[in-house]
Amino acid sequence: MSNIQPILDKVLDGGRLTAEDATALLQSYDIARIGAAADEIRARKHPDNVVTYIIDRNINYTNVCNVVCTFCAFYRRPGKPDTYVHTFEEICKRIDETIALGGTGVLMQGGLHPDFNIEWYEDFLSRLHALYPNFQLHCFSPPEIHNISLISKLDYETIMRRLKDAGLNSMPGGGGEILDDEVRKRVSTKCSTQEWLDVMRAAHKVGLKTTATMMFGIGDKIEHRVRHLQRVRDVQDETGGFTAFIPWTFQRENTALGRRITEEPTGIDYLKMLSVSRLFFDNIPHIQASWLTQGLRLGQTALRFGADDMGSIMIEENVVSAAGAHNEANEKELRYQISEAGFIPQQRDILYKYINRDEIEKLDERQSMPLKQLSVAFAD
Ligand code: SF4
Numbered sequence: 011m012s013n014i015q016p017i018l019d020k021v022l023d024g025g026r027l028t029a030e031d032a033t034a035l036l037q038s039y040d041i042a043r044i045g046a047a048a049d050e051i052r053a054r055k056h057p058d059n060v061v062t063y064i065i066d067r068n069i070n071y072t073n074v075c076n077v078v079c080t081f082c083a084f085y086r087r088p089g090k091p092d093t094y095v096h097t098f099e100e101i102c103k104r105i106d107e108t109i110a111l112g113g114t115g116v117l118m119q120g121g122l123h124p125d126f127n128i129e130w131y132e133d134f135l136s137r138l139h140a141l142y143p144n145f146q147l148h149c150f151s152p153p154e155i156h157n158i159s160l161i162s163k164l165d166y167e168t169i170m171r172r173l174k175d176a177g178l179n180s181m182p183g184g185g186g187e188i189l190d191d192e193v194r195k196r197v198s199t200k201c202s203t204q205e206w207l208d209v210m211r212a213a214h215k216v217g218l219k220t221t222a223t224m225m226f227g228i229g230d231k232i233e234h235r236v237r238h239l240q241r242v243r244d245v246q247d248e249t250g251g252f253t254a255f256i257p258w259t260f261q262r263e264n265t266a267l268g269r270r271i272t273e274e275p276t277g278i279d280y281l282k283m284l285s286v287s288r289l290f291f292d293n294i295p296h297i298q299a300s301w302l303t304q305g306l307r308l309g310q311t312a313l314r315f316g317a318d319d320m321g322s323i324m325i326e327e328n329v330v331s332a333a334g335a336h337n338e339a340n341e342k343e344l345r346y347q348i349s350e351a352g353f354i355p356q357q358r359d360i361l362y363k364y365i366n367r368d369e370i371e372k373l374d375e376r377q378s379m380p381l382k383q384l385s386v387a388f389a390d
């Protein structure tokens, strides 16, 4: 096992980690020293001692999907009896509920529907934007954009520009999983690594911010995870469009892959990945803890291993919960966990702007539910 201290000294002195450095850190079991370095870098980047969170909701407008991912328990093949497409009214009802709970946006993603072309998405977004002009639409993912490009025969940049014009505020980094085709092609027929990265380049080029994600533990090795980090950092060097990096571990319940995989990432693996992400991404401001997949206690611990954001209170989530992530929290609980880790909890919006609830309530009188009522259980 190599001595990792020179690598940590380099990054603490302002140097940039190489892929070899990241590999050595991920191979090490010295999680305390790696975590301490990540905590130090987090504190330098965010000296106000604030940890942010967002109130939003994941709405999955359809579970119809025309590709196969063996790690997914959410999708249904077109034509199967338990498929759904939410009506516009159903989506508005969910948005109204989110606004009533102090929410500022929605994360909306779906399966890859074989019939939804660019006009369907433009119509959908523009109607929502007209009804909720101050509510942030953080929607879709590179695989969905790639699907639109196949259906409508348009390049990524044209699609992203048209979606932005229709009201899209930003795009989540979903569908990243492991950005290395050696792993990716074994577990999914969705878009390739290059296509995922090119969609992100196009989104950033038209002025949209996005996040980047990593789901590891799907048969990947350290070398694949490091290539993923390197590819995301390279795009960020070009575009500067990623606001945050969000790693989490594969959730195996009810998935075909889960029945085959014998080893899954541990809490140590998660904290190490998170810390190394903070150290490697000198060009991405925010690293997000994933309490939803790791549980509240490990999610809270992540705040001392480089994370500066606790993610969402997640009023609704359907994808990872279908694969076994059953953790729940409300705003009060999340704020408590942040405070007890020694930080000041602060609500933010999708673009990491701090939210003053009084200001929001002035924007829309439907958001007048008192704070104490936010501690209800958020089961849908
Ligand atoms: S992860 Fe997304 S693209 Fe893959 S099967 Fe599930 S819904 Fe479809």
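Using the working numbering, the first residue of the sequence shown is number 11, and each one after it goes up by one. All residues carry an ideal CB built from backbone N, CA and C; glycine is no exception.
| Asked | Found |
| --- | --- |
| Counted within 10 angstroms of its Cβ, other Cβ atoms place residue 39 as buried (16 or more) or exposed | exposed |
| Nearest to residue 236 (by Cα), restricted to the options 32, 128, 343 | 32 |
| Host alpha helix (DSSP H) of residue 16 (start-end) | 15-22 |
| Cβ-Cβ distance between residue 266 and residue 97 below 7 Å | no |
| Limits of the unbroken beta strand (DSSP E) element including residue 68 | 66-70 |
| DSSP bridge partner residues for residue 115 (one or two, in chain order) | 66, 146 |
| Coarse secondary structure for residue 374, derived from DSSP in three states | Only weak support is given to the placement of residue 374: the predicted model assigns it a pLDDT of 42, under 50, and the question is left unresolved by the model. |
| Exposure label - residue 85; buried when at least 16 CB within 10 Å | buried |
| Near the ligand SF4: residue 82 beta-carbon under 6 Å from a heavy atom | yes |
| Residue 90 beta carbon near the ligand SF4 (any heavy atom closer than 6 Å) | no |
| Spatial distance of residue 189 from residue 173 (CA atoms) | 24 Å |
| Same chain, Cβ closer than 6 Å to residue 77, five either side skipped, listed in chain order | 122, 199, 200 |
| Which of helix, strand or coil DSSP assigns to residue 231 | coil |
| Buried versus exposed call for residue 391 [16 or more other C-beta atoms within 10 Å across all chains shown] | Residue numbering for the chain in the displayed model covers 11 to 390; residue 391 lies beyond these limits and cannot be assessed. |
| Near the ligand SF4: residue 85 beta-carbon under 6 Å from a heavy atom | yes |
| beta-carbon residue 200 near the ligand SF4 non-hydrogen atom, thresh 6 Å | yes |
| CA-to-CA distance, residue 353 to residue 255, given in whole angstroms | 20 Å |
| Residue 285 - containing beta strand (DSSP E), residue span | Run containing residue 285: none in the beta strand (DSSP E); it sits in the alpha helix (DSSP H), 277-290. |
| CB of residue 300 within 7 Å of CB of residue 258, strictly | yes |
| Alpha helix (DSSP H) segment containing residue 347, residue limits | 341-350 |
| Integer-rounded CB distance, given that residue 205 should sit under 8 Å from residue 152 | 7 Å |
| Nearest-angstrom beta carbon gap, residue 41 and residue 278 [assumed within contact, 8 Å] | 6 Å |
| Where residue 23 falls, given that 16 or more other Cβ within 10 Å makes a residue buried | exposed |
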